[in-house]
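S.K.: Going left to right, the sequence shown walks through residues 3 to 133 as this note's numbering numbers them.
Just dropping this structure here.
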Amino acid sequence: IISDRQPMDQNLNLYYDWKRWTRTRDVDGRFPLFTAAARCLKWSHMKQIFSSNMPVVNEIDVLTGLPLFMLAATGPTSDIESVYNLLKECPSAINIINNRHDKSSTRRTRKRGGRVEVVQSRNAKMPKVMY
3 IISDRQPMDQ NLNLYYDWKR WTRTRDVDGR FPLFTAAARC LKWSHMKQIF SSNMPVVNEI
63 DVLTGLPLFM LAATGPTSDI ESVYNLLKEC PSAINIINNR HDKSSTRRTR KRGGRVEVVQ
123 SRNAKMPKVM Y
């Protein structure tokens with residue numbers, strides 16, 4: 003999981019101070035757990051990093067803007083056990099994504115003829131707007 007862009011002395015700290023290393027951001031601003039999730043590590047390996055820095059599960063990835071469980075779910079080799087356990091540890095991460103979208107995300111835009119029609123989704127309680 004060691005990043006290729008971390009200085010060698012920082013990589014050596016991994017063996018001497020595991021907890022401190024799991025709380026240290028790399029040059030891109032990512033925690034090691036986010037790097038592990040992006041590389042689709044199996045849960046058996048990711049669990050070791052996670053148990054040393056559990057609060058990071060509430061963070062958002064600085065490179066992708068995704069919560070940890072979603073980052074672990076990306077890619078063709080993603081580990082479903084990692085995704086499940088990360089989401090189980092922080093179910094509120096689903097709300098993080100929902101809260102990031104404003105109310106305009108409930109709108110759909112349709113073009114009909116020469117006019118643009120903005121229609122609310124069925125769950126929203128705002129009226130239909132015509133331009």
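Using N, Cα and C, we set each Cβ at its ideal position, and we do this for glycine too.
Whole angstroms are fine: how far does the CA of ASN87 sit from the CA of ASN55?
M.R.: 15 Å
S.K.: By the three-class DSSP mapping on this structure, what secondary structure does ASP104 have?
M.R.: In this prediction, ASP104 scores a pLDDT of 46, lower than 50, which makes its location untrustworthy; no coordinate-derived value is stated.
S.K.: Beta-carbon within less than 6 Å of THR24's beta-carbon, same chain only, minus the 5 sequence neighbours each way: which residues are those?
M.R.: PRO34, ILE51, SER54 and ASN55
S.K.: In chain order, what residues of the same chain have a beta carbon less than 7 Å from the beta carbon of VAL1, not counting five sequence neighbours either side?
M.R.: Examination of residue 1 is not possible in this model, given that the chain is present from 3 through 133 alone.
S.K.: Report all residues from its chain with a CB closer than 8 Å to the CB of THR49; omit the five preceding and five following residues, and keep chain order.
M.R.: Checking the sequence, you will find Lys at residue 49 rather than Thr. Correct list, in chain order: ASN87.
S.K.: Taking the CB atoms as reference points, tell me whether ASP30 and LEU68 lie closer together than 8 Å.
M.R.: no
S.K.: Going along the chain, which residues of its own chain have a beta-carbon closer than 8 Å to the beta-carbon of THR79, five neighbours each way excluded?
M.R.: CYS42
S.K.: With distances taken from CA atoms, which of ASP81, SER46 and ILE62 is nearest ALA95?
M.R.: ILE62
S.K.: Excluding the five sequence neighbours on either side, which residues of its own chain have a C-beta within less than 6 Å of the C-beta of VAL58, listed in chain order?
M.R.: Excluding positions up to five away in sequence, the list reads PHE33 and LEU35.
S.K.: Suppose you measure from the CA of CYS92 to the CA of ILE98; what does that come to, to the nearest Å?
M.R.: 10 Å
S.K.: Where in the region 41 to 103 do unbroken runs of the alpha helix (DSSP H), each at least 4 residues long, occur, reported from the N-terminal end onward?
M.R.: 45 to 54, 70 to 75, 82 to 91 and 95 to 102
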